[in-house]
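The sequence shown runs 574 to 753 under the numbering used here.
Think of the CB as a built atom: it goes at the ideal place given N, C-alpha and C, for glycine as much as any other residue.
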Amino acid sequence: VVGSDHVPWFERLLRSRVAGTLALHSPCPVVVVPEDRSRDGAESAVVLTLDPESPLRSALLFAFRQADERGCVLQVLHATEPATLSGRADELHERVVAVLSEWIRAYPDVRVQLDDAIGDVADAIVRASRNAELVVVGRPHANALHAVLAQPTSLKVVRRSHCPVAVVPDVEDPREPLGG
574 VVGSDHVPWF ERLLRSRVAG TLALHSPCPV VVVPEDRSRD GAESAVVLTL
624 DPESPLRSAL LFAFRQADER GCVLQVLHAT EPATLSGRAD ELHERVVAVL
674 SEWIRAYPDV RVQLDDAIGD VADAIVRASR NAELVVVGRP HANALHAVLA
724 QPTSLKVVRR SHCPVAVVPD VEDPREPLGG
């Protein structure tokens with residue numbers, strides 16, 4: 574758990590961004606807590622961002638466990654850039670539901686709320702963070718091509734979130750829900 578790197582741009586030139594660096598390179602989940610975190614009006618929810626084209630099992634496991642331990646709703650946010658949709662909204666929604674189905678069976682006590690959003694992915698996550706106690710963002714394998722593309726989204730969320738953000742690296746074999 575680390576504090577956020579909310580510093581003016583000129584100070585960023587002079588010192589490293591510890592939270593962002595840890596979140597992008599740590600072999601374990603890193604939770605970044607914003608400096609100006611306010612619990613006013615925050616609902617009891619864990620927000621998980623999910624890409625049905627490359628769901629990260631480690632992030633799913635982390636989010637379901639957090640929601641289960643906290644006894645709160647798991648808000649699954651499927652945000653899609655408008656250019657990506659091009660007539661695929663129903664297909665992508667069905668894929669999200671299919672990915673979630675095995676996890677819902679493994680965690681029957683976790684209430685899941687699925688929200689679809691169209692627009693900038695980082696902006697949608699930051700909006701959802703206003704009413705959450707935790708946001709969970711997956712981080713693909715460092716050698717995956719989409720990891721390079723996903724990093725800016727993770728960093729934007731870490732820097733702008735209204736609540737703590739858990740950046741969860743993907744691992745080869747998170748055993749739940751299939752292995753129990």
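Bridge-paired residues (DSSP) for His-758: Residue numbering for the chain in the displayed model covers 574 to 753; residue 758 lies beyond these limits and cannot be assessed.
Per DSSP, what are the beta-bridge partners of Ala-618 in this structure? Val-646
Examine chain C for any beta-carbon lying closer than 8 Å to the beta-carbon of Val-603, and answer yes or no. No chain C appears in the structure shown, which is made up of a single protein chain.
If we ignore side chains and look at the alpha-carbon of each, how far apart do Arg-661 and Asp-609 end up? 38 Å
Let's test the definition: count the other Cβ atoms within 10 Å of the Cβ of Gly-576 and tell me whether it reaches 16, buried, or not, exposed. Annotation note: pLDDT 49 at Gly-576 (below 50); position unreliable, no value reported.
To which residues of the same chain is Leu-586 closer than 7 Å at the C-beta, ignoring the five residues directly before and after it? Note that Leu-586 scores 33 on pLDDT, short of 50, meaning its location in the model is unreliable and no value can be drawn from it.
Does the region 733-740 touch the region 664-679, meaning 3 or more C-beta pairs lie closer than 8 Å? no
Just reading off the alpha helix (DSSP H) that Val-670 is part of, what are its end residues? 662-679
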